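To keep things clear, I will list the structure first and then write my remarks on it.
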Amino acid sequence: MLKGAVAQRYAQALYDLAEAQGLVDQVEQELRAVDQVIADSREFQKVLYHPRITAQEKKDVLKNIFSGKISPVTENFLFLLVDRHREAFLSDIVAHYSSLADRARNIVKAEVTSAIELTKEEKKKLGEVLNKITRKKVQTAYSVDPALIGGVVVRIGDRVIDGSLRTRLATLREHLRQIS
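Counting from 1 along the sequence shown, just add 4 to a position and that's the residue number in the working numbering.
Shown next as structure tokens:
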């Protein structure tokens with residue numbers, strides 16, 4: 005089974021359990037924290053991903069580090085991943101879980117790339133427009149790419165709104181080629 009499909013299944017199962025217990029936000033925060041601790045520690049990664057270290061030893065390490073700091077739901081989920089040899093899927097599971105939680109909260113994420121840094125006022129106006137277009141609360145991440153020449157490119161999921169000058173010039177160039 006593909007890694008993404010496995011991660012989606014585990015994320016959905018955990019989300020359903022957390023939702024039933026009213027712990028969606030708490031479990032999401034705990035998963036992010038655990039994932040960050042693992043990402044920050046090469047030693048922890050070596051232990052967690054080493055094939056010769058037993059599942060029980062890995063669970064003991066997890067318990068020593070996170071006991072009392074995470075809910076039983078999150079702790080048992082981590083133990084399940086270890087028992088099923090799915091520890092390496094944690095980051096993907098966290099991403100899918102967050103997507104499920106965001107969807108339930110009516111939130112979408114957008115990536116906005118502009119040729120120059122946008123002002124606070126421009127960001128505010130763009131955010132309002134995106135909220136209106138999507139009919140959802142849009143969380144926006146901004147970046148700058150001078151190669152755009154001017155304008156912005158907005159990515160929301162698999163949709164792209166390309167209002168860049170670079171694309172407009174390329175389109176114009178193509179039209180001129182067809183005329184020639």
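All C-beta atoms, glycine included, are put in the ideal place defined by N, C-alpha and C. Small disclaimer: the values here were computed from a predicted structure and weren't measured.
What does DSSP give as the partner residues of residue i in its beta bridges?
i: residue 166; result: 157
i: residue 128; result: Partner(s): none; residue 128 has no beta bridge.
i: residue 118; result: 148, 156
i: residue 113; result: 143
So, under 8 Å CB-CB, residue i and residue j are touching, yes? Tell me the CB distance rounded to an integer number of Å.
i: residue 75; j: residue 27; result: 6 Å
i: residue 154; j: residue 119; result: 5 Å
i: residue 82; j: residue 104; result: Going by Cβ atoms, the distance from residue 82 to residue 104 rounds to 18 Å, so no, they are not a contact pair.
i: residue 15; j: residue 100; result: 4 Å
i: residue 170; j: residue 151; result: 6 Å
Can residue i and residue j be called in contact, C-beta distance under 8 Å?
i: residue 116; j: residue 130; result: yes
i: residue 165; j: residue 143; result: no
i: residue 161; j: residue 96; result: no
i: residue 31; j: residue 77; result: yes
i: residue 50; j: residue 86; result: no
i: residue 176; j: residue 158; result: no
Mind checking which residues open and close the beta strand (DSSP E) that includes residue i?
i: residue 40; result: Careful: residue 40 lies outside any beta strand (DSSP E), inside the alpha helix (DSSP H) at 28-44.
Run the CB neighbour count on residue i, radius 10 Å, all protein chains shown included, and call it buried at 16 or more, exposed below.
i: residue 168; result: buried
i: residue 42; result: buried
i: residue 132; result: exposed
i: residue 53; result: exposed
i: residue 178; result: exposed
i: residue 24; result: exposed
i: residue 34; result: buried
i: residue 11; result: buried
Would you give the residue range spanned by the alpha helix (DSSP H) that residue i belongs to?
i: residue 8; result: 7-24
i: residue 105; result: 94-108
i: residue 76; result: 76-87
i: residue 69; result: 59-70
Between residue i and the ligand ZN, is there a pair consisting of the residue's CB and a ligand heavy atom that are separated by less than 7 Å?
i: residue 97; result: In terms of ligand content, the structure shown is empty, and the ligand ZN therefore cannot be addressed.
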